[in-house]
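Below is one structure, written out as structure tokens; the observations come after it.
2 protein chains.
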Amino acid sequence: MISREDIVRDLKEFISFPSVSADSSQQQAMFDCASWLAGHLYEIGMQRTKVLPTSAHPVVYGEYMIDAALPTILFYGHYDVTPVDPLNKWDTPPFRPAIKGDYIVGRGASDDKGQLFTHIKAVAKLLQEGRLPVNVKFLIEGAEEIGSVGLEEFVAQHKTLLRCDAVVVSDTKMVGPGQPAITYSLRGSVKVEVTLRTMAKDLHSGTFGGYVPNAAIKMAEFIAGLHDKDNAIAIPGFYEDVRDPSPAERAFVAANGIGNAALMQEAEAFAPWGESRFSMYERISSRPSLEVTGITAGYQGKGFKEVIPAVASVKLNFRLVPDQEPGRISKLLEQHVRNEVKDADVKITYGAVGYPVIIPRNNFYVRAAALACEKVFRRKPRFLRNGGSIGAVDYLYTILGVPVVLLGFARADDNMHAPNEKFYLPDFFKGIDTIRQFLQLVASGMPKA
Amino acid sequence: MISREDIVRDLKEFISFPSVSADSSQQQAMFDCASWLAGHLYEIGMQRTKVLPTSAHPVVYGEYMIDAALPTILFYGHYDVTPVDPLNKWDTPPFRPAIKGDYIVGRGASDDKGQLFTHIKAVAKLLQEGRLPVNVKFLIEGAEEIGSVGLEEFVAQHKTLLRCDAVVVSDTKMVGPGQPAITYSLRGSVKVEVTLRTMAKDLHSGTFGGYVPNAAIKMAEFIAGLHDKDNAIAIPGFYEDVRDPSPAERAFVAANGIGNAALMQEAEAFAPWGESRFSMYERISSRPSLEVTGITAGYQGKGFKEVIPAVASVKLNFRLVPDQEPGRISKLLEQHVRNEVKDADVKITYGAVGYPVIIPRNNFYVRAAALACEKVFRRKPRFLRNGGSIGAVDYLYTILGVPVVLLGFARADDNMHAPNEKFYLPDFFKGIDTIRQFLQLVASGMPKA
Chain A
1 MISREDIVRD LKEFISFPSV SADSSQQQAM FDCASWLAGH LYEIGMQRTK VLPTSAHPVV
61 YGEYMIDAAL PTILFYGHYD VTPVDPLNKW DTPPFRPAIK GDYIVGRGAS DDKGQLFTHI
121 KAVAKLLQEG RLPVNVKFLI EGAEEIGSVG LEEFVAQHKT LLRCDAVVVS DTKMVGPGQP
181 AITYSLRGSV KVEVTLRTMA KDLHSGTFGG YVPNAAIKMA EFIAGLHDKD NAIAIPGFYE
241 DVRDPSPAER AFVAANGIGN AALMQEAEAF APWGESRFSM YERISSRPSL EVTGITAGYQ
301 GKGFKEVIPA VASVKLNFRL VPDQEPGRIS KLLEQHVRNE VKDADVKITY GAVGYPVIIP
361 RNNFYVRAAA LACEKVFRRK PRFLRNGGSI GAVDYLYTIL GVPVVLLGFA RADDNMHAPN
421 EKFYLPDFFK GIDTIRQFLQ LVASGMPKA
Chain Y
450 MISREDIVRD LKEFISFPSV SADSSQQQAM FDCASWLAGH LYEIGMQRTK VLPTSAHPVV
510 YGEYMIDAAL PTILFYGHYD VTPVDPLNKW DTPPFRPAIK GDYIVGRGAS DDKGQLFTHI
570 KAVAKLLQEG RLPVNVKFLI EGAEEIGSVG LEEFVAQHKT LLRCDAVVVS DTKMVGPGQP
630 AITYSLRGSV KVEVTLRTMA KDLHSGTFGG YVPNAAIKMA EFIAGLHDKD NAIAIPGFYE
690 DVRDPSPAER AFVAANGIGN AALMQEAEAF APWGESRFSM YERISSRPSL EVTGITAGYQ
750 GKGFKEVIPA VASVKLNFRL VPDQEPGRIS KLLEQHVRNE VKDADVKITY GAVGYPVIIP
810 RNNFYVRAAA LACEKVFRRK PRFLRNGGSI GAVDYLYTIL GVPVVLLGFA RADDNMHAPN
870 EKFYLPDFFK GIDTIRQFLQ LVASGMPKA
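Chains A and Y, in that order, give the protein sequences.
The first sequence: position 208 = 208 (the working numbering), numbered continuously.
The second sequence: position 30 = 479 (the working numbering), numbered continuously.
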């Protein structure tokens with residue numbers, strides 16, 4: 001029997017690698033962590049364990065094939081973590097994991113090393129007992145926190161290796177303490193930077209103030225025109241492909257989603273915002289959004305500089321819902337810029353794009369996951385739509401063409417991406433049990449929900 | 450006789466000090482330059498030469514009093530220069546002045562070491578010849594390029610020392626080659642930063658995108674509302690104190706000012722901008738202006754970050770005309786912010802303010818300067834209004850209560866504040882002659898214009 005102490009000891013070792021994918025000085029730690037992880041998969045009895053290169057950080061792979069006729073589950077997770085800044089806000093060193101009461105504390109405790117370990121340790125137990133009931137594969141990437149760079153190409157190149165019947169991801173949150181959640185929808189994403197130039201060079205704000213076009217003002221006018229009076233996106237044609245939720249789906253979302261009060265509390269915003277004819281939860285799930293993520297113009301240091309900026313730029317982030325398509329949204333934006341911005345040179349550059357994803361809730365694997373949750377947590381899971389985008393989910397769903405089950409075990413206050421990141425150990429062990437139940441339900445052909 | 454060679458040699462020595470007031474690592478060079486300058490005033494025969502402390506860089510003072518009953522002219526200039534960046538764009542080292550054809554090249558060649566030297570060398574010649582006809586004083590500051598920090602207090606504290614009948618400043622440009630100019634009006638200035646906070650913290654643009662108030666968007670809307678459709682300033686009450694120029698003054702400005710084509714060529718802007726019912730020259734001289742000098746919000750690095758900014762700030766620069774008052778403009782802005790910006794914490798901070806200045810053109814000293822120009826350049830000077838603000842002029846005019854004559858000898862293409870700053874030597878020597886003529890005209894009680 002693998003003891004809880006052994007499991008926690010292994011998790012602490014995993015967390016102790018400073019595998020910060022965004023930090024180029026941690027290249028060695030990234031390799032060490034990937035090697036350790038591949039070794040760990042080997043130790044628990046996995047086959048064909050290896051570290052595979054990508055265009056960014058390497059991927060760790062392992063599998064255990066019992067019988068090609070049985071279903072195959074692909075577990076996806078990531079061993080990279082976010083930077084630890086501000087370091088002085090941590091009560092204990094981020095890469096020296098500590099047990100505090102019922103929590104394990106450290107960078108990656110919940111995002112995603114701890115949650116990934118629910119998969120690994122469930123499989124380890126079943127292997128040790130000789131009771132693994134289906135085929136399993138692991139795909140563990142090292143670049144999730146920097147946008148899953150290289151993963152799309154990797155999945156496309158290794159389609160055969162990764163062939164499976166469903167993907168399971170544990171990198172999301174539960175709704176509240178003791179209340180499990182399955183995420184079945186993610187928004188797509190278009191990131192774009194628009195740069196305007198109105199003059200050959202910056203000019204003096206005194207000598208020239210009043211007769212030349214200020215790029216910062218022109219940019220502000222452009223941004224102010226991106227939303228209408230009800231905060232809907234004012235780009236012509238933008239909503240054409242937005243799938244109207246059926247009354248049934250709208251009712252389901254209302255019943256399962258999160259209420260305005262809870263959302264406002266989480267945001268700590270001074271006032272609500274957005275399209276008034278939709279609930280806040282709908283605004284971040286069934287509706288697309290457009291946020292300004294950065295504006296740069298003129299002088300930004302201390303004090304003042306007497307300058308009329310010749311150049312201004314804005315970073316925009318669109319979030320898309322079915323059936324919006326990133327390429328079409330880009331075209332609409334470009335047309336809108338041409339219509340609205342006169343007398344300026346315009347440059348438009350794009351970041352990574354992602355497609356919106358919606359997984360049918362009545363899919364067999366989703367229902368198996370829901371029943372597994374119910375057996376372990378003694379509560380039916382809530383079905384959530386998430387306003388964010390997970391690049392890996394988009395790629396796995398699109399390229400492998402199988403359902404992706406997003407089964408999160410983290411709590412809202414686990415400080416993901418923040419100092420003192422933690423993971424509630426009782427949920428960690430329930431997560432292991434849930435994954436185990438899930439695999440057994442998949443093997444047994446679970447009863448209809 | 451002081452030879453032209455001696456004068457150029459002295460100017461080269463003056464320029465060779467890297468007296469960059471904005472660069473704290475050049476503190477020693479600032480002191481060395483001030484000491485050298487005080488010594489130089491002593492060498493040419495000035496009395497009571499000294500280096501006096503201010504709250505910023507020291508001031509150099511010197512005087513030559515012939516007879517308290519005679520008029521006293523105070524020459525103002527500055528020995529500090531702007532930073533030399535980008536250094537790689539200089540053809541010769543900025544602090545190793547070089548003679549190239551008819552030009553002297555180096556940082557400070559025209560702004561303001563060369564122009565100041567027209568005063569010093571005119572006085573030097575008259576002293577050497579024993580023909581100085583009026584009392585003269587020099588006030589040479591070391592902080593002009595950083596906003597004349599400390600000068601207002603210095604002038605107020607040394608009112609008696611600085612007592613005079615007129616101030617002469619040579620820190621402006623001529624209209625064109627061979628065409629002298631006297632600047633008789635400057636705009637005032639209010640610099641202010643407005644910071645908005647809409648949430649306790651930045652939020653994720655996916656998870657929260659669509660229901661929380663984005664500070665960058667709110668800021669863009671605020672900025673877009675600062676000007677109306679005809680680009681007039683949309684702050685209620687803003688134009689109440691703007692003095693309407695008389696038809697005579699408007700005609701004078703039209704005849705003396707700079708045309709739209711020349712202004713557009715100078716600006717290298719892709720299109721004109723501003724209040725259509727005024728000429729471009731009027732927009733930068735008799736009309737106030739409001740420019741955005743900087744916007745900061747969200748992520749400004751390379752690539753993209755998934756963030757909804759909780760905070761955004763804008764730096765604004767108002768330019769004021771008679772009879773606008775900085776304190777009243779600040780109050781109007783604050784009221785406007787209260788009216789327009791809802792559901793946000795607002796912080797407003799101010800930089801240095803300056804009052805608009807207009808010197809009567811028919812003043813005796815202005816007329817003497819004009820006649821001196823005409824005698825030397827063989828052309829009547831053009832009378833200009835300048836859109837900029839010169840803090841020192843504001844302080845000297847307001848505190849000493851005497852006319853300030855702005856008599857510039859630089860050319861438009863002298864690269865002030867830019868690489869390869871230069872000064873046209875024939876104009877430099879004409880400048881010396883003009884100052885000499887001016888002092889003689891003041892002494893003789895020149896004929897009516």
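All C-beta atoms in this analysis are idealised placements derived from N, C-alpha and C, irrespective of residue type, glycine included.
Segment limits, beta strand (DSSP E) that includes Y:R628: Sequence inspection shows Gln at residue 628 of chain Y; the Arg mentioned does not correspond to that position. Note, Y:Q628: premise wrong, no beta strand (DSSP E); not H, not E.
Any beta carbon from chain Y within less than 8 Å of A:P272's own beta carbon? yes
Less than 8 Å between the C-beta atoms of Y:V618 and Y:L855, yes or no? yes
Relative to the C-alpha of Y:R663, which residue among Y:D651, Y:A673, Y:K764 and Y:T656 is closest? Per the sequence presented here, residue 663 of chain Y reads as Asn, with Arg not at that position. Checked all of Y:D651, Y:A673, Y:K764 and Y:T656; the closest Cα to Y:N663 is Y:D651.
How is A:A449 classed by DSSP in three states: helix, strand or coil? Any reading at A:A449 must be qualified, since the residue scores a pLDDT of 45, below 50, and its modelled position is unreliable; the value itself is stated next. Coil, per DSSP.
Can you check the stretch 646 to 721 of chain Y for any alpha helix (DSSP H) of at least 4 residues that lies completely inside it and give the ranges in chain order? 664 to 673, 696 to 705 and 709 to 716
Give the C-beta separation of Y:I707 and Y:Y730 to the nearest angstrom, bearing in mind that I take them to be a contact with Cβ-Cβ under 8 Å. 5 Å
Below 8 Å, how does it come out for the stretch 658 to 678 of chain Y and the stretch 690 to 701 of chain Y: are there three or more Cβ pairs, yes or no? no
Please state the DSSP three-state secondary structure of Y:A759. coil
Using Cβ-Cβ distances below 7 Å, what residues of the stretch 397 to 429 of chain A are close to chain Y? none
With burial defined as no fewer than 16 other Cβ atoms inside 10 Å of the residue's Cβ, what is the status of Y:P507: buried or exposed? buried
Chain-ordered chain Y contacts of A:D112 [CB-CB under 9 Å]: Ordered by position in chain Y, no residue passes the 9 Å Cβ test against A:D112, which lies about 16 Å from the chain.
What separation, rounded to the nearest whole angstrom, lies between the Cα atoms of A:S25 and A:P83? 12 Å
List the DSSP bridge partners of Y:F587. Y:G511 and Y:F524
Could you tell me how far apart the beta carbons of Y:T745 and Y:A761 are, in whole angstroms, since I believe they sit closer than 8 Å? 7 Å
Answer yes if the stretch 632 to 651 of chain Y comes into contact with the stretch 877 to 895 of chain Y, meaning at least three C-beta pairs across the two stretches below 8 Å, and no otherwise. no
Y:R458 burial status per 10 Å Cβ neighbour count (16 or more: buried): exposed
Name the residue from A:K137, A:R250 and A:D67 whose alpha carbon lies nearest to the alpha carbon of A:Y76. A:K137
Mind the definition here: the stretch 536 to 550 of chain Y touches the stretch 502 to 522 of chain Y only if three or more C-beta pairs lie below 8 Å; say whether that holds. no
Please list the partners that Y:S838 has in chain A, where partner means a Cβ-to-Cβ separation under 9 Å. G206 and E306
Per DSSP, cross-strand counterpart(s) of Y:G857: Y:A630
Give me, in chain order, the residues of the same chain whose beta-carbon lies closer than 8 Å to that of Y:H489; leave out the 5 immediate sequence neighbours on both sides. D459, F463 and I569
Cα separation between A:F117 and A:L151? 21 Å
Would you give the residue range spanned by the beta strand (DSSP E) that Y:F832 belongs to? R831 to N835
So what does DSSP say about Y:G776, is it helix, strand or coil? helix
Just to confirm, is the Cβ distance from A:S389 to A:L139 under 8 Å? no
Rounded C-alpha distance that separates A:P133 from A:Y395: 27 Å
As assigned by DSSP and simplified to three states, the class of A:K430: helix
Rounded distance between the beta-carbons of Y:H527 and Y:E968, thought under 8 Å: One cannot answer for residue 968 of chain Y here, as it falls past the ends of chain Y, which runs 450 to 898.
Check whether the Cβ of A:Q324 lies closer than 8 Å to any Cβ atom in chain Y. no
Could you give the distance in angstroms between the alpha-carbon of A:L333 and the alpha-carbon of A:A166? 36 Å
Nearest CA to the CA of Y:D792: which residue from Y:F719, Y:M668, Y:S465 and Y:V509? Y:M668
Rounding to the nearest angstrom, what Cα-Cα distance links A:E421 and A:S110 in this structure? 7 Å
Just to make sure I have the definition right: I need the residues of chain Y whose C-beta is within less than 8 Å of the C-beta of A:L263. Which are they? Y660
Quick one: give me the first and last residue of the alpha helix (DSSP H) that Y:S484 is part of. Q476 to E492
For A:A352 versus A:G142, is the C-beta distance shorter than 8 Å? no
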